[in-house]
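Numbering of the sequence shown is given in the UniProt record's numbering, commencing with residue 1 and proceeding in unit increments.
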Amino acid sequence: MKKLYIETVGCQMNLLDSELVVAALRKEGYELTGSTAEADTVLFNTCSVRQHAEDKIYSALGRLKDAKRAMPDKVIGVMGCMAQKDQQLIFKRAPYVDIVVGPGQLHQVPQLVREAREKPGEQRLEVSLGRKEGATDVIKRSHESFDPLRDPTMRPTPFQAFVRIQIGCDKFCTYCIVPSVRGPEQSRPPSQILAEARQLVSEGCKEITLLGQTVNSWRHTEEGVAWRFSDLLRGLHDVEGLERIKFVTSYPKDMTDDVLEAIRDLPKCVKYLHVPAQHGSDEQLLRMKRGYTIAEYREMHDRAKRWMPDVAITSDFIVGFSGETEEQFQQTMDLVRECRFKNSFIFKYSERPGTKSADRLPDDVPDEVKRRRNNELLALQNEISEADNHRFLGSRVEVLVEGPSKKAAEEGDRLQLTGRTMCDRIVVFDGNRRQIGQTLPVAVYDANAHTLFGAVVTDHVGPEVFSLAGSVG
Ligand code: SAH
Ligand code: SF4
Ligand code: F3S
1 MKKLYIETVG CQMNLLDSEL VVAALRKEGY ELTGSTAEAD TVLFNTCSVR QHAEDKIYSA
61 LGRLKDAKRA MPDKVIGVMG CMAQKDQQLI FKRAPYVDIV VGPGQLHQVP QLVREAREKP
121 GEQRLEVSLG RKEGATDVIK RSHESFDPLR DPTMRPTPFQ AFVRIQIGCD KFCTYCIVPS
181 VRGPEQSRPP SQILAEARQL VSEGCKEITL LGQTVNSWRH TEEGVAWRFS DLLRGLHDVE
241 GLERIKFVTS YPKDMTDDVL EAIRDLPKCV KYLHVPAQHG SDEQLLRMKR GYTIAEYREM
301 HDRAKRWMPD VAITSDFIVG FSGETEEQFQ QTMDLVRECR FKNSFIFKYS ERPGTKSADR
361 LPDDVPDEVK RRRNNELLAL QNEISEADNH RFLGSRVEVL VEGPSKKAAE EGDRLQLTGR
421 TMCDRIVVFD GNRRQIGQTL PVAVYDANAH TLFGAVVTDH VGPEVFSLAG SVG
């Protein structure tokens, strides 16, 4: 058995890509190890969305220098978005790296690793074409990602899986590197997506998460039939045995009535929307080229809440983008206060070479101001998340049990478990291993900003649990 160490940063696309690469390498006789020292092959699946994500990988590579000297036939590979972005620069900064592979060439990893082992010292670079390096069709083909049969053991859990429905992005928000590293937006054919969902369900999968950078912009014409995202949701809803359908990330402008109607009307659709607003000021949204105004975002948000009062909406925000004034930042605070998001991911603006904003807009908000605004927004969001979670005290939620909680303190058969509600809230409760993978009713008796705490409701203990809920809540 050869040993593989793989480290993944970035978004769910990268998690899925790593899963597929591991599946391919297992077929070549690899097993996973958690130690770089012991590994025959070390792979990093990288992200370029912020400087910090890149720094992390370059310093991990730095730490491998001596290990490579001690064990020269250890194959070191850099895959994913930073591989596509930095290409030869990676060999320059870390000359002992053997292979650099973009997200569109991951199917070549087993062969590249084999070649690197056979001919040590020969570096291999396989990446896609840049956005201006050829005819559109040729560029698109060079970015096609691979979705072969997967390794069930690499899934988040045996009953949850990611399904890629769209690759790339054509929105070109001025701050964002994704359109250049992941290439043109392409939607996968519905027949392929449905076949993959059926296959996953036949392997015991109960929940699938559809992935795309602007997942609700998905559309595809197949055999003369034009499918919208809402049609795909309906198609997936008909897959027998599938219990939950999730999708990330949604683009505000494409949250059309047919999409909201489908989510509202289809019981298997999770009532959870991740629709990043990015900013609360129209001037900043324009500089970011997001393609909507705050009034339009607010209208979409209110429509979703009106149609589905229980829907949980989450957002991403960038603070300290070029030219952001204190007043504009306060408009972001206002938007968060008004929309009361279930959660927000908050990022300090990080200038990315090659993007429109790096070329044309100064990165002029000092880092300490970015940090202060980040903390201020985070504190506000945490307050809202906590109050929002407190609404659940004393209520009963349906939880798909994912597995032992992070701090699972096992006591005999009892085990602390974690799972999620239909609106994507994390619930922690005591249970046992047999309950993993089941959907159970849980009574909530405590909550903080990120987690609900509860107890499984069984018919004979129901009243006790509710009196417990009453006493703690
Ligand atoms: N496709 C998704 C987001 C992909 S990147 C969307 O459009 O919403 C995930 C998040 O990273 C973005 O929502 C944004 O908030 C943040 N982000 C992207 N580029 C960034 C940059 N240059 N600096 C800081 N944050 C950034
Ligand atoms: Fe980046 Fe904008 Fe595309 Fe999202 S929609 S991936 S933020 S360019
Ligand atoms: Fe990062 Fe690439 Fe995802 S840049 S956020 S890993 S698409």
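Every residue gets a Cβ at the ideal spot worked out from N, C-alpha and C, and that includes glycine.
Contacts around residue i, its chain only, beta-carbon distance under 7 Å, and the 5 residues preceding and following it disregarded
{"i": "residue 457", "result": "396, 441, 442, 443 and 465"}
{"i": "residue 222", "result": "189, 190 and 191"}
{"i": "residue 37", "result": "67"}
{"i": "residue 87", "result": "100, 125 and 127"}
{"i": "residue 119", "result": "none"}
{"i": "residue 421", "result": "397, 398, 399 and 427"}
Residue from the options whose Cα sits closest to the Cα of residue i
{"i": "residue 48", "options": "57, 196 and 42", "result": "57"}
{"i": "residue 499", "options": "288, 232 and 286", "result": "Nothing about residue 499 can be reported from this structure: the residues present for the chain run from 1 to 473 only."}
{"i": "residue 407", "options": "388, 389 and 428", "result": "428"}
{"i": "residue 361", "options": "242, 174 and 305", "result": "174"}
{"i": "residue 341", "options": "357, 137, 380 and 374", "result": "380"}
{"i": "residue 15", "options": "211, 25 and 69", "result": "211"}
{"i": "residue 139", "options": "123, 368 and 179", "result": "179"}
{"i": "residue 199", "options": "227, 163 and 171", "result": "163"}
{"i": "residue 165", "options": "142, 193 and 184", "result": "193"}
{"i": "residue 358", "options": "271, 287, 182 and 254", "result": "287"}
{"i": "residue 251", "options": "44, 291 and 275", "result": "275"}
{"i": "residue 476", "options": "71, 70, 401 and 102", "result": "Summary: the structure shown does not reach residue 476, with the chain confined to residues 1 through 473, and so no result is reported for it."}
{"i": "residue 455", "options": "424, 423 and 414", "result": "414"}
{"i": "residue 356", "options": "134, 241, 130 and 289", "result": "289"}
{"i": "residue 433", "options": "403, 424 and 422", "result": "403"}
{"i": "residue 46", "options": "35, 34 and 59", "result": "59"}
{"i": "residue 508", "options": "291, 338, 279 and 307", "result": "Past the edges of the chain, shown from 1 to 473, lies residue 508, and the structure says nothing about it."}
{"i": "residue 376", "options": "52, 338, 329 and 214", "result": "329"}
{"i": "residue 63", "options": "50, 51, 93 and 89", "result": "93"}
{"i": "residue 153", "options": "141, 137 and 19", "result": "19"}
{"i": "residue 306", "options": "277, 335, 291 and 339", "result": "339"}
Sequence-distant residues of its chain with Cβ nearer than 6 Å to residue i (five each side left out)
{"i": "residue 469", "result": "Below a pLDDT of 50, predicted positions are generally treated as unreliable, and residue 469, at 37, falls in that range; the measurement from the model is reported next regardless. Excluding residues within five positions, the ones whose Cβ falls inside 6 Å are 394, 443 and 445."}
{"i": "residue 282", "result": "293 and 294"}
{"i": "residue 349", "result": "318, 320 and 321"}
{"i": "residue 475", "result": "No statement about residue 475 is possible, as the shown extent of the chain runs from 1 to 473 and does not include it."}
Endpoints, the alpha helix (DSSP H) within which residue i is located
{"i": "residue 312", "result": "No alpha helix (DSSP H) contains residue 312, which is instead part of the beta strand (DSSP E) from 312–319."}
{"i": "residue 8", "result": "Where residue 8 is concerned, there is no enclosing alpha helix (DSSP H), although the beta strand (DSSP E) it sits in stretches over 2–8."}
{"i": "residue 14", "result": "12–27"}
{"i": "residue 60", "result": "51–62"}
{"i": "residue 255", "result": "It is not in any alpha helix (DSSP H) - residue 255 carries neither H nor E in the DSSP assignment."}
{"i": "residue 159", "result": "Segment: none, residue 159 is in no alpha helix (DSSP H) and carries neither H nor E."}
{"i": "residue 288", "result": "282–288"}
{"i": "residue 117", "result": "109–118"}
{"i": "residue 226", "result": "Premise fails: residue 226 lies in the beta strand (DSSP E), 225–228, not in any alpha helix (DSSP H)."}
{"i": "residue 266", "result": "No alpha helix (DSSP H) holds residue 266; DSSP gives it neither H nor E."}
{"i": "residue 86", "result": "81–86"}
Contact set for residue i: own chain, Cβ-Cβ below 8 Å, skip 5 residues either direction
{"i": "residue 144", "result": "104, 167 and 186"}
{"i": "residue 354", "result": "85, 177 and 180"}
{"i": "residue 116", "result": "75, 77, 98, 99, 122 and 124"}
{"i": "residue 2", "result": "28, 29, 30, 31, 40 and 41"}
{"i": "residue 243", "result": "206, 207, 268, 400 and 439"}
{"i": "residue 273", "result": "250, 255, 263, 304, 311, 312, 313 and 314"}
{"i": "residue 239", "result": "194, 197, 198 and 201"}
{"i": "residue 73", "result": "40, 117 and 120"}
{"i": "residue 392", "result": "425, 444, 447 and 452"}
{"i": "residue 386", "result": "447, 448 and 449"}
Enclosing beta strand (DSSP E) for residue i [first to last residue]
{"i": "residue 246", "result": "244–248"}
{"i": "residue 129", "result": "Per DSSP, residue 129 belongs to no beta strand (DSSP E) and is neither H nor E."}
{"i": "residue 273", "result": "272–274"}
{"i": "residue 220", "result": "219–222"}
{"i": "residue 71", "result": "Note, residue 71: premise wrong, no beta strand (DSSP E); not H, not E."}
{"i": "residue 136", "result": "Run containing residue 136: none in the beta strand (DSSP E); it sits in the alpha helix (DSSP H), 136–143."}
{"i": "residue 106", "result": "Careful: residue 106 lies outside any beta strand (DSSP E) and carries neither H nor E."}
{"i": "residue 43", "result": "41–46"}
{"i": "residue 32", "result": "30–32"}
{"i": "residue 215", "result": "Where residue 215 is concerned, there is no enclosing beta strand (DSSP E), given that its DSSP letter is neither H nor E."}
{"i": "residue 101", "result": "99–101"}
Residue i beta carbon near the ligand MN (any heavy atom closer than 6 Å)
{"i": "residue 79", "result": "This structure simply doesn't include the ligand MN; it includes the ligand SAH, the ligand SF4 and the ligand F3S instead."}
Self-check item: Any 3 or more C-beta pairs closer than 8 Å across the region 157–169 and the region 203–218
Solution: yes
Quiz prompt | Complete runs of the beta strand (DSSP E) confined to the UniProt domain "TRAM" (390–458) [at least 3 residues] | solution = 396–404, 415–420, 426–431, 439–447 and 451–456
Self-check item: Ordered list of beta strand (DSSP E) runs contained in the region 162–212, each at least 3 residues
Solution: 207–211
Practice problem: Would you mind listing the alpha helix (DSSP H) stretches within the region 299–369 that are 4+ residues and don't spill past its ends, in chain order? | Solution: 326–339 and 356–360
Quiz item: When the Cβ atoms of the region 318–330 are set against those of the region 15–30, are three or more pairs found closer than 8 Å?
Solution: no
Practice problem: Determine contact between the region 289–305 and the region 447–457, defined as no fewer than three beta-carbon pairs at a distance below 8 Å. | Solution: no
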